[in-house]
Structure formats: C-alpha cells, structure tokens
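This report concerns only the one structure given below.
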Amino acid sequence: MSKHYRLKFLGFSLTVLLGVSSCTLAPDSPGAERVETGGPLAGSSAPAGDTQYFPGFRPVSGVSVDSAPAEAGTVFLGSVFPGNGRADLSFYGFNAAKTAWRVDTNPSCVGTVVTEVNGEPAVVILDSDARTDGQGPVSVVVATAFAADDAEVLWGPTRVPGPSAGSGLIFADTPKALTADPPPGVLLDADTGAVVEVGTGTALYEHHGTALAGSETSFSAFDTGSGNILWSSADLRRPAGADPEATVRFTGAYGPSTGGIVVLEWDAGDAEPVPVAYSLRSGEELGQVPGEPAAAAAVDEATGTVLLTSEARNGSRVLRAFRPGAGLLWRKSFDEARVSSIGGGAVFALLNGVAARIDVESGAILDTGDARLPVSVLPNGTALFPTRKQSTFALAVPDGPAGNG
C-alpha cells in the first residue's frame with residue numbers, strides 16, 4: 299500500500315488572543331542566547347570509510363549533530379543534545395568555512411522555524427522555564443529570532459504557548475493526546491515578532507510574513523506586518539476541468555511547509571477534486587497538481603522553487619517544480635522518485651533506483667550514479683551527506699574552488 303501525504307487540515311484558533319498581543323516579560327524570563335561556540339562543530343577530516351558520495355563533491359570534514367540538518371541563508375542548522383557536562387540544548391550554524399555560531403536553550407525546546415526578518419534569513423528558536431532535568435511544569439515559552447549568518451538577535455523574546463507545527467510562525471500548546479479540536483495558537487509577524495490578531499479566524503499557514511487565515515473553506519491571505527488583505531478564497535476562479543459546483547478548500551496538502559505556494563483543492567463531493575498550486579503572496583494560479591501527494595514539499599528558499607511529488611493513477615511518481623511569479627517550471631514522470639534535497643541550483647533525488655542530480659530551472663538530468671545523495675545543500679552548493687555512523691555527516695564542497703557559504 300502506498301503512503302499518501304494528504305495531510306488533514308490543521309489550524310490554530312486565535313479567538314483567545316485579543317488580550318495577549320502586548321505581553322511583557324519579566325527581566326529574568328527565559329530566552330535563548332548566543333554563547334561562545336566552544337570549538338568547531340566540524341572535524342578536521344571527513345569520516346573514514348565513506349567514499350560513495352555523489353559525483354562533483356569533495357568531502358572536507360565531518361560533523362555530528364543530533365537533529366536532521368536544515369539550511370538557512372549561508373549556514374546549515376543542527377542541534378546537539380545535552381551531554382558532556384552541558385545541561386542545555388545547543389543549536390549551531392555552520393558551513394565549510396567555520397562554525398558560525400551557537401545558541402543554547404532549554405532542552406525541552408527542540409523546534410525551530412526558518413524564516414526571513416526584513417528580507418534577512420533567520421531562525422526562530424524557543425526557550426522555556428522548564429527544569430533541565432525534564433521534571434516539573436512549563437509555565438513560560440518564548441520565541442527569539444536570530445540572524446542565520448551570525449546569530450544576531452533580530453527580535454524577541456516573544457511569549458508563545460508552545461512549539462510550531464512546521465507551518466511557519468504559528469505556535470500552539472500542542473496536546474500530547476490526539477484531539478478533534480485544534481488548540482489555541484499564536485501567529486507572529488516575521489519582521490517584528492509581534493503577535494498578530496486574527497479576530498475570530500484561524501491561522502492556517504504562514505511563510506515569511508504572509509499568512510493564510512480563516513476556515514477550511516473560506517480564507518484570506520494577508521501581510522502580517524501591515525494587516526493588508528492580499529487575496530481571498532472568494533477571489534479565486536474555478537480552474538479548468540473542475541466541476542461547475544466545485545468549491546475551494548485548504549487541506550494542508552504537501553505540508554507542513556510549502557514555501558511561498560499553497561496547494562488548494564477544488565472539490566464538489568463525488569466529483570474528482572482538482573488540486574491547484576497558487577502563489578501564497580499574490581493568489582496567482584501557478585498550475586494544477588493532479589494525483590495524490592506522495593511526499594512533503596521540498597523547498598529551495600534561495601530561488602523560491604517548490605518541488606511537489608505526486609502519485610499518478612498508474613502508480614508513477616510525478617515531480618513538478620513551481621515558483622511564484624514563474625508558474626510551473628517543469629514536470630517529470632518516473633516509475634519511482636524520492637527527493638533527497640534541493641539547493642545550489644539542483645534537485646537531488648533517487649529516480650527509478652538511481653541517484654540523480656536535476657537542474658532546478660529546466661528539470662534536465664545533469665548527472666547520475668550509484669552514489670550517496672546529500673540531505674541538505676546550501677545556495678553555493680556546499681552539501682551534507684549521511685555517513686555510516688549515526689548522527690554523523692560529511693561536509694562536502696563542490697569540486698573546484700570551495701565556497702564558504
């Protein structure tokens with residue numbers, strides 16, 4: 299049985315937030331802080347015994363982190379759990395040139411949100427007043443935005459009820475047990491960290507200062523800084539091929555994060571629904587996305603490209619690359635396809651069992667081989683490869699002059 303990623307609609311009700319938009323924290327309240335790195339996160343050499351890296355890369359060092367690596371601006375992001383005399387959870391920003399920064403926080407706060415603050419790549423890190431031994435209650439959780447390149451504090455700490463579910467700067471006290479009703483949540487403005495009031499609506503999705511709010515069937519996109527409405531579900535035209543009675547729905551398909559696009563479904567009950575990709579910022583129709591979601595979206599923040607993988611009726615996998623303002627860049631179909639990473643002008647994927655590098659602009663296959671694929675790639679092409687050792691990655695630069703991020 300194939301696994302589908304048609305995620306159930308999940309939003310955070312903001313009806314209870316009218317009284318918390320200007321909360322003030324005491325001077326001794328928690329807040330993640332930059333500290334001395336304490337030494338380079340990356341080792342001096344690549345892990346021994348690992349040689350099957352994708353062609354075109356030269357491993358330069360090894361790095362051990364306890365989280366799945368991500369990228370923000372010119373650095374990779376990784377976290378290291380408490381240990382070796384450290385009581386805090388440490389987040390690191392690093393690239394081939396250096397360990398750029400370290401931010402320590404409470405070990406109960408493992409989530410981060412990559413965003414942009416006034417156009418600058420940033421990472422939002424949580425902190426709380428929980429005991430570092432995990433015992434006792436948590437009464438205060440705060441979010442602080444740090445510049446991705448050097449960990450300068452850009453805003454915060456701002457009090458929030460809990461972590462983000464991955465759908466942008468929307469934070470909620472997520473219950474440990476499944477519940478039919480979404481918990482109350484807080485939407486923050488990307489540029490200032492201020493709490494954004496949405497009245498009686500629900501925050502559905504946020505990306506770099508643009509939010510979608512309302513209900514599953516009636517919603518609007520707005521700028522979180524100015525509050526200006528950019529477009530609404532009532533403005534959208536029924537797409538070609540949709541049932542004349544079809545209405546639009548937000549389902550969270552390809553989530554939790556789909557970058558600067560949103561995939562909406564035109565549905566008329568028994569008729570076949572028509573999924574369509576739209577620009578989150580403008581509401582522009584970018585193209586239809588037939589089939590069932592087969593994986594979460596892969597997002598290249600540097601170019602704004604969003605890669606969607608769907609399953610066609612015949613069981614094949616279809617890759618579609620979208621970009622706001624440009625529409626559908628390309629479409630490719632394969633018997634099997636699993637995207638590993640996107641960045642540095644390329645998509646890295648396993649296609650019909652073969653590792654491949656795909657040009658992000660055209661969809662042309664640039665190179666193939668029986669080799670290990672990178673799991674994260676910076677805009678300059680620097681990549682992280684998994685190794686045989688758990689939680690250890692090889693940091694590799696493109697063949698030729700190495701970039702430093």
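If you count by the numbering used here, then the sequence shown holds residues 299 to 703, one letter each, in order.
Backbone N, C-alpha and C define an ideal beta-carbon position, used for all residues, glycine too.
Remember, predicted model here, so these are calculated numbers, not experimental data.
When you compare only the Cα positions, how much space is there between residue i and residue j?
i, j, result
"residue 425", "residue 355", "37 Å"
"residue 559", "residue 671", "26 Å"
"residue 520", "residue 374", "30 Å"
"residue 398", "residue 692", "17 Å"
"residue 636", "residue 457", "38 Å"
"residue 610", "residue 588", "7 Å"
"residue 506", "residue 367", "20 Å"
"residue 413", "residue 370", "8 Å"
"residue 470", "residue 690", "32 Å"
"residue 536", "residue 572", "10 Å"
"residue 593", "residue 686", "25 Å"
"residue 684", "residue 638", "11 Å"
"residue 415", "residue 601", "17 Å"
"residue 405", "residue 386", "6 Å"
"residue 532", "residue 496", "18 Å"
"residue 359", "residue 514", "47 Å"
"residue 574", "residue 363", "37 Å"
"residue 562", "residue 544", "12 Å"
"residue 443", "residue 396", "21 Å"
"residue 361", "residue 569", "51 Å"
"residue 455", "residue 418", "18 Å"
"residue 546", "residue 621", "21 Å"
"residue 428", "residue 380", "14 Å"
"residue 608", "residue 350", "29 Å"
"residue 583", "residue 694", "38 Å"
"residue 586", "residue 462", "29 Å"
"residue 579", "residue 682", "31 Å"
"residue 353", "residue 393", "20 Å"
"residue 525", "residue 492", "12 Å"
"residue 649", "residue 335", "39 Å"
Identify, in the order they occur along the chain, each residue of the same chain with its Cβ nearer than 6 Å to the Cβ of residue i, setting aside the five sequence neighbours on each side.
i, result
"residue 365", "376, 377"
"residue 679", "642, 696"
"residue 499", "511, 512"
"residue 715", "Here the chain has residues from 299 to 703 only, and residue 715 is not among them."
"residue 555", "464"
"residue 595", "552, 556, 604, 606"
"residue 518", "512, 527, 530"
"residue 516", "531"
"residue 441", "422, 424, 454, 456, 458"
"residue 504", "466, 467, 468"
"residue 388", "378, 400, 402"
So for residue i, helix, strand or coil by DSSP?
i, result
"residue 506", "coil"
"residue 666", "strand"
"residue 629", "strand"
"residue 478", "Residue placement at residue 478 is poorly supported in this model, since its pLDDT is 49, which falls under 50; the coordinates are not used for a value here."
"residue 696", "strand"
"residue 617", "strand"
"residue 684", "strand"
"residue 647", "strand"
"residue 367", "coil"
"residue 352", "coil"
"residue 265", "There is no way to answer for residue 265, as the model of the chain reaches only from 299 to 703."
"residue 470", "strand"
"residue 495", "coil"
"residue 673", "coil"
"residue 691", "strand"
"residue 523", "coil"
"residue 269", "No answer is possible for residue 269: the residues shown for the chain start at 299 and end at 703."
"residue 641", "strand"
"residue 372", "coil"
"residue 490", "coil"
"residue 515", "coil"
"residue 484", "strand"
"residue 501", "strand"
By Cβ distance below 8 Å, which residues in the same chain neighbour residue i in space, the five residues on each side in sequence not counted?
i, result
"residue 304", "Unreliable positioning characterises residue 304 in this predicted model, as indicated by a pLDDT of 34, which lies under 50. The coordinate reading is nonetheless provided below. Within the same chain, residue 304 has close Cβ partners 549, 551, 590, 591."
"residue 490", "453, 523"
"residue 668", "350, 652, 653"
"residue 676", "369, 372, 373, 374, 393, 641, 642, 701, 703"
Given residue i, which residues of its chain have a CB within under 7 Å of its CB, disregarding the five upstream and five downstream residues?
i, result
"residue 666", "652, 653, 654"
"residue 477", "Confidence in residue 477 is poor, its pLDDT being 47 and thus under 50, which makes the residue's placement unreliable; the coordinate value appears in the next sentence. So the list is empty, once near-sequence residues are dropped."
"residue 459", "439, 469, 470, 471, 482, 483, 484"
"residue 565", "544, 545, 547, 571"
"residue 647", "635, 636, 637, 638, 654, 656"
Please find out if some non-hydrogen atom of the ligand COA comes closer than 8 Å to the beta-carbon of residue i.
i, result
"residue 539", "The model on display carries no ligand, and the ligand COA is accordingly not part of it."
Segments of 3+ residues assigned as beta strand (DSSP E) that fall wholly inside the segment 527-615: Those beta strand (DSSP E) runs which fall completely within the segment 527-615 and span 3+ residues are 527-530, 545-548, 559-565, 572-577, 583-586, 596-598, 603-609.
Enumerate, from N- to C-terminal direction, the unbroken beta strand (DSSP E) stretches of 3 or more residues contained entirely within the segment 378-457. 387-392, 397-403, 410-415, 418-426, 439-445
Cβ contact (3+ pairs, closer than 8 Å) linking the segment 619-632 and the segment 651-662: yes
Examine the Cβ distances between the segment 530-544 and the segment 445-457 and report whether three or more of them are shorter than 8 Å. Taking 8 Å as the limit for Cβ pairs, the verdict is that the segment 445-457 does not touch the segment 530-544.
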